[in-house]
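**Q** Residues 7 to 253 (my numbering) make up the sequence shown, in order. No residue lacks a Cβ here, since even glycine has one placed at the ideal position from N, Cα and C. The model shown is predicted, which means the values in this text are computed figures rather than measured ones. The structure follows.
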Amino acid sequence: MRRGLCLKALHRYQEAIAAFERLLREFSTGGSDESRALARTEIQNLRALMGSVRIVVSVPAAEVLVDGAAVGTSPIAAPVDLVGGNHVIQARREGFEAAEERVAVVAGETASVDLTLLADVGAGCGVTSIALDANGAVHIAYRTETDDLGLATRQLGDGIEQNCDGVGGVDGDLDGHASEATGGDDCDDSDDAAFPGAPDAAGDDVDRDCDGADGVDDDGDGHASLAKDEYRPELAVARKVEVVALR
């Protein structure tokens, strides 16, 4: 009982309530009726001095803090009891931009706070970002309220990340390489399997690794290596003849 009264005198109401509730649990079958009644009265009076906040976070498993102290991870099932006054509610999770809201808590009432965590897509691609290209032209990138990536004013081949897709140019197939037409190195921006360094099987008439040849051209001579499954004896014989003729 004494601990609860001391905490109440220090205006640490939440801790005082917890102390009185612990007393009721420990002396549920013992202790005097007067002590239990006093503890219940103190709890009732303290709750009248407090309000609560219902906290809703847009993503699960986010750490939720009230005035810098962790109160759990989302979703927070029950309203959080707080002393009347102004409080700072925060939510944070790896891979997302932290969210923060300030709320005024009124004794006897329950307030609501909604925290929206946006995916962290890197520097320059927050809610709004502005960049200048080499010619001094302004480009703005933005994200909609539904977290869809909004397209920005675009100047092809300027090397500036404008539409928050992680590539400085147009990456139509989302393979991480901008199209050649916008200053990138993707020879086929409609095929996400075609980009520099991609596996490239010979014989399908498709240049998937963007080296200018159908198949893998490691030496850059414009001719792909002969794959085992496409070995042709007649071609091998012709090559032997060419080698002999050169000698």
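Which residues in the same chain as Ala117 place their Cβ atom closer than 8 Å to its Cβ, once the five residues preceding and following it in sequence are excluded?
**A** Correct list, in chain order: Gly57, Ser58, Val59, Arg60, Val109, Ala110, Val111.
**Q** Say whether the stretch 94-109 touches the stretch 72-82, bearing in mind that this needs 3 or more beta-carbon pairs closer than 8 Å, one atom from each stretch.
**A** Touching, yes.
**Q** Mapping the DSSP letters down to three states, classify Ser41 as helix, strand or coil.
**A** Residue state, collapsed to three classes: helix.
**Q** May I have the straight-line CA-CA distance separating Leu124 from Ala208, to the nearest angstrom?
**A** Going from the Cα of Leu124 to the Cα of Ala208 covers about 43 Å.
**Q** Helix, strand or coil, according to DSSP, for Phe26 in the structure here?
**A** Of the three classes helix, strand and coil, the one that applies to Phe26 here is helix, per DSSP.
**Q** If we ignore side chains and look at the alpha-carbon of each, how far apart do Leu179 and Val72 end up?
**A** The question names Leu, but residue 179 is Asp in the sequence shown. Each residue's alpha carbon lies about 43 Å from the other.
**Q** Residues bridged to Met7 by DSSP?
**A** Answer is none; Met7 lacks a bridge partner.
**Q** Residues in its own chain within less than 6 Å of Ala104 by CB, not counting five upstream and five downstream?
**A** Closer than 6 Å at Cβ, skipping near neighbours: Arg98.
**Q** For Val86, which option in Arg53, Pro66, Ser64 has the closest C-alpha, if you only look at C-alpha atoms?
**A** For Val86, the nearest C-alpha among the options comes from Arg53.
**Q** In terms of residue numbering, what span does the beta strand (DSSP E) encompassing Ser118 cover?
**A** Residues 116-121.
**Q** So Ser185 and Leu121 are in contact, right, with Cβ under 8 Å, and what is the actual spacing, rounded?
**A** Not quite, the Cβ-Cβ distance comes to about 38 Å (not below 8 Å), so this is no contact.
**Q** Could you tell me the distance, in whole angstroms, from the CA atom of Arg214 to the CA atom of Val176?
**A** In a straight line, the C-alpha of Arg214 is about 18 Å away from that of Val176.
**Q** What residues are listed by DSSP as bridge partners for Gln96?
**A** In the DSSP output, where bridge partners are listed per residue, Gln96 has Leu71, Glu106.
**Q** May I ask you to report which of helix, strand or coil DSSP gives Arg18?
**A** Coil, per DSSP.
**Q** My output table needs one value for Ala187: the three-state DSSP class, helix, strand or coil.
**A** Three-state DSSP puts Ala187 in a helix.
**Q** Measuring alpha carbon to alpha carbon, tell me which of Asn51, Ser41, Arg31, Ser38 ends up nearest Ala15.
**A** Answer by Cα proximity: Asn51.
**Q** Use the C-beta contact count for Asp217: other C-beta atoms within 10 angstroms, 16 or more gives buried, fewer gives exposed.
**A** Under this definition Asp217 is a buried residue.
**Q** Cβ of Arg31 less than 7 Å from any chain C Cβ?
**A** Protein chains in the displayed structure number just one, and chain C is not present.
**Q** Less than 7 Å between the C-beta atoms of Phe26 and Glu48, yes or no?
**A** Contact flag set, yes.
**Q** If you reduce the DSSP assignment to three classes, tell me which class Ala204 lands in.
**A** Three-state result, Ala204: coil.
**Q** Cα-Cα, which of Ala113, Val70, Ala84, Ala187 is closest to Tyr19?
**A** Nearest of Ala113, Val70, Ala84, Ala187 to Tyr19, Cα basis: Ala113.
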